[in-house]
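Numbering (our numbering), first residue to last: 2 to 301.
Below is one structure; the comments refer to it alone.
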Amino acid sequence: MKKHGYYLFTYFAGEKYADGESIFFAVSRDGLHWQDINDNHPILTSNTGTHGIRDPFIIKNPRTNQYTIIGTDLKMHEADNWGEVQRIGSRSLLISNSDDLLNWSAPQLIEVAPEGFGCVWAPEATYDPVTNQFLVYWSSKTNEDDYKKQRVYCATTLDFTNFSSPKLMIEKDHSTIDTTVIHYRDHYYRFSKDETDKRVFAERLKQLASTPQPVTSPALTALSGVEGPTIYKLVGQSKWVLLLDNYSKSGYFPLLSNNLPKGEFKQLPESAYHMPSRARHGTVISITQEEYQRIKNHQF
2 MKKHGYYLFT YFAGEKYADG ESIFFAVSRD GLHWQDINDN HPILTSNTGT HGIRDPFIIK
62 NPRTNQYTII GTDLKMHEAD NWGEVQRIGS RSLLISNSDD LLNWSAPQLI EVAPEGFGCV
122 WAPEATYDPV TNQFLVYWSS KTNEDDYKKQ RVYCATTLDF TNFSSPKLMI EKDHSTIDTT
182 VIHYRDHYYR FSKDETDKRV FAERLKQLAS TPQPVTSPAL TALSGVEGPT IYKLVGQSKW
242 VLLLDNYSKS GYFPLLSNNL PKGEFKQLPE SAYHMPSRAR HGTVISITQE EYQRIKNHQF
């Protein structure tokens, strides 16, 4: 029997490092204390597009058991043209696949947005058992409003190679980025960043395409200057960990919830966790004990 309760954190390290816009791994036995893999050197780099890969999201295909990483095609090391790259940036995702979490295909550029889109940022995906497809979503500015506001768009795919035309998924009065989704019981819970007040907000949906209902969360409202939410359930427990990136200060930190539907989160003291070195926007999945050991022992 494969024992679960182990975790893999896939992330990038940020543009201030020459190697930071690459993929890094860390592993954990409890979802809170993390150990760097490969001596905190990249396990995967991009040699196509902008030659940078950011905001990695990892997902396992329930039909094939293959793992896929999707990421933002963006390189900002020694650059400061944030406005420009939202208007004339990459309209493609970076895609890499693996059968064993150890050996990854070279990232491929897959165009998902048409002309008029200025960027494709922070992609994530959710498998929809109703349609047997993946819903892939990301943030973009478009020429529709002269690139004034980030909205979240989505497309469907069976194989992360062929995508449907993008549709609008989230539009607010403010720019919205960094959307992440988790399913629990009969609802989806969606977390996104409000780019105006720099806070993360929560919503609940019956289906991926249904109208969301806000989830009131005083703990999230109290936190500003955060982004890159990623959430995962602790295996065998009715507890969820929400990681937020305090991007201008201390970096990623965890909040713990015993009641996801009510949006109840508690920030943990620093003594209760240990984050990976240089961790920026990324995602966490549950892995088996065997996968945990193989990743720790592998020479990337």
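Idealized CB from N, CA, C, for every residue including glycine.
Asked	Found
CB-CB length for V285 against L245, believed under 8 Å	Their Cβ separation, rounded to whole angstroms, is 13 Å, which puts V285 and L245 out of contact at 8 Å.
Cβ-Cβ distance between V242 and L235 below 9 Å	yes
Reference Q158, options S140, D174 and D129, closest by Cα	For the sequence presented, residue 158 should be read as Thr rather than Gln. Closest option to T158, Cα to Cα, is D129.
Segment limits, beta strand (DSSP E) that includes V242	W241 to N247
CB contact below 9 Å: P57 versus chain B	Judged by its chain identifiers, the structure shown contains no chain B, having just a single protein chain.
Between the CA atoms of I288 and M2 - distance to the nearest angstrom	Confidence at M2 is low in this model, with a pLDDT of 46, below 50, so its placement is unreliable and the value that follows should be read with caution. Straight-line Cα distance between these residues: approximately 13 Å.
At least three beta-carbon pairs within less than 8 Å, the stretch 91 to 98 to the stretch 147 to 158	no
Given V275 as reference, the closest of N260, Y253 and T51 once Cα atoms are compared	The sequence shown places His at residue 275, rather than the Val named in the question. Minimum Cα distance to H275 is reached at Y253.
Among F161, N144, S140 and L206, nearest to T177 - alpha-carbon criterion	S140
Reduced DSSP secondary structure (H/G/I, E/B, other) of E79	coil
4 or more residues per run - each alpha helix (DSSP H) lying fully within the stretch 248 to 301	290 to 298
Cβ contact (3+ pairs, closer than 8 Å) linking the stretch 31 to 43 and the stretch 70 to 83	no
Contact test: E22 Cβ vs the ligand FAD heavy atom, cutoff 8 Å	Among the components modelled here there is no ligand, and therefore nothing to report on the ligand FAD.
Strand pairing of K173, partner residues [DSSP]	Bridge partners of K173: none, in fact.
Within 9 Å, strictly: CB atoms of T127 and H184	yes
Buried versus exposed call for T217 [16 or more other C-beta atoms within 10 Å across all chains shown]	exposed
L221 - containing alpha helix (DSSP H), residue span	P219 to T222
Distance between N260 and E291 (C-alpha atoms, nearest Å)	30 Å
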